[in-house]
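Chemist:
In my numbering, the protein residues as written are 5 to 435.
(1) Mark residue 218 as exposed unless 16 or more other C-beta atoms lie within 10 angstroms of its C-beta, in which case mark it buried.
(2) Could you please give the first and the last residue of the uninterrupted beta strand (DSSP E) stretch that includes residue 214?
(3) Rank 341, 385, 353, 284 by C-alpha distance to the C-alpha of residue 374 and give the top, closest one.
(4) Going straight from the alpha carbon of residue 401 to that of residue 245, what length do you get?
(5) Taking 8 Å as the cut-off, does the region 269–276 touch the region 287–307 (at least 3 CB pairs, one atom from each stretch)?
(6) I need the straight-line Cα distance from residue 364 to residue 417, nearest angstrom please.
(7) Roughly how many angstroms separate the alpha carbons of residue 226 and residue 8, rounded to a whole number?
(8) Check residue 74 in the structure and name its three-state DSSP category.
(9) Which first and last residues belong to the beta strand (DSSP E) in which residue 140 is found?
(10) Return helix, strand or coil for residue 127, following the three-state DSSP convention.
(11) Give the single residue among 56, 31, 26 whose Cα lies nearest to the Cα of residue 43.
(12) Assign residue 275 to one of three DSSP states: helix, strand, or coil.
(13) Quick one: which unbroken alpha helix (DSSP H) runs of 4-plus residues sit fully inside the region 285–339? Chain order, please.
(14) Could you give the DSSP three-state label for residue 94: helix, strand or coil?
(15) Helix, strand or coil for residue 18 per DSSP?
(16) So is residue 179 buried or exposed if we call it buried at 16+ other beta carbons inside 10 Å?
(17) Taking its Cβ as the centre, do 16 or more other Cβ atoms sit within 10 Å of residue 100, making it buried, or is it exposed?
(18) Taking only runs that begin and end inside the region 156–236, name each unbroken beta strand (DSSP E) of 3 or more residues, in chain order.
(19) With C-beta atoms as the reference, is residue 123 less than 7 Å away from residue 103?
(20) So what does DSSP say about residue 350, is it helix, strand or coil?
(21) Residue 58 to residue 311, Cα distance in whole Å?
(22) What first and last residue would you give for the beta strand (DSSP E) that runs through residue 108?
(23) Have a look at residue 348 and residue 305 and give me their C-alpha separation to the nearest angstrom.
(24) Using 8 Å as the cut-off, can you tell me whether the region 127–143 makes contact with the region 249–257, which would need three or more C-beta pairs spanning the two stretches below that distance?
(25) Whether or not the region 14–21 and the region 316–324 are in contact is what I'm after, with contact meaning three or more pairs of Cβ atoms, one per stretch, closer than 8 Å; do they touch?
(26) Taking buried to mean at least 16 other C-beta atoms within 10 Å of its own C-beta, is residue 432 buried or exposed?
(27) For residue 385, does the count of other Cβ atoms within 10 angstroms reach 16, so buried, or fall short, so exposed?
(28) With a threshold of 8 Å, are at least 3 pairs of Cβ atoms found where one atom belongs to the region 386–395 and the other to the region 53–73?
And the structure:
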């Protein structure tokens, strides 16, 4: 706990995230803390910018964070000529991978509604065309974020974004994606989320938990412990854990860079892993997260596998996270939003036009008030260190990298088979 409170003392928080006064009255669960964060996010330009993938991509481009390229983006109305031009590049290409794109609305964070993972086969079988795609986008531009979303997300200007599809080497139906959670600018855990234990494949959910090299201190040399409750044999699962563990130091460094640059005391940064073509790439970020947090008790009932992961004996880390957040608000430093956003290229710290003076019935603006200018690399006041960038995009170019050792894993090898009584390594604490 002391190491995390020390991180809070050193952290400079963007006041858009300041919910300290709302949390000071009593001790709360991590779910209650998240609820307070969501309820008080309305009108906070930084939080809105993080939820708007178009603005987010521009802000983080100025920070130097490797992301998937944006092929097309639009607010409120579809530019039909741009869509037709993009579709023409697919249909005129002899490469079937030209169709491999992801088409998604800006408010997709907690729901895949309206999102399409396209392929040439899907395009042809479902008789897609530029007109059908335009109509799909127009339909979902009219949709609103769910009531359960944060106030910030519900206030976003509707939009769409199209990006290349990220394909991992492991044959699940989706790319390998790790959610890296930072608290007071330090990565605490990476989560491969499959759901809770009661969910059909919830036992596959895995946590990569920070293990300080020196007790009571957080440093760049800290390790990462892999814990889960998955029993059985599944090559896809095992290879995925190896890929996540290899990439974790680079992902944690990038996530910490994003958290500090935006002044966010709690942030979830989601990274794609396992593509030789793209390396490791940021997918999105989220303010708050409704997943479970686990850790292992040294000397507890967890068993270590020959692969070095820990199975079972997990305890809830939510209470500790809630306490760190609540206590941290008393200790951290504070600066206004403009001091963070303008460094990242934003002309203003306001996402939308203030409601004062606007008619109550007025519709949302056609575009956000916040505009982000590209900042040349040699003029950036802050940016991700070049070695950190190369650790992400160049990971699978390094000799002996895990992807080159494990290769492609077919979908048929990604289903769990009953466990055999495999021996386990005695826990280190008992040696």
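Cβ coordinates follow ideal geometry from the N, Cα and C atoms, glycine included.
Modeler: Let me lay it out:
(1) exposed
(2) 210–215
(3) 353
(4) 19 Å
(5) yes
(6) In this predicted model, residue 364 has a pLDDT of only 47, less than 50, meaning its place in the structure is not dependable; the value taken from the coordinates is given anyway. About 56 Å.
(7) 14 Å
(8) coil
(9) Per DSSP, residue 140 belongs to no beta strand (DSSP E); it is in the alpha helix (DSSP H), 134–145.
(10) helix
(11) 26
(12) strand
(13) 322–335
(14) helix
(15) strand
(16) buried
(17) exposed
(18) 163–168, 180–187, 190–196, 210–215, 227–232
(19) yes
(20) strand
(21) 40 Å
(22) 105–109
(23) 46 Å
(24) no
(25) no
(26) Confidence is the limiting factor: at residue 432 the pLDDT is only 40, short of 50, which leaves the residue's position unreliable, though a coordinate-based value still follows. Residue 432 is exposed by the Cβ-count criterion.
(27) exposed
(28) yes
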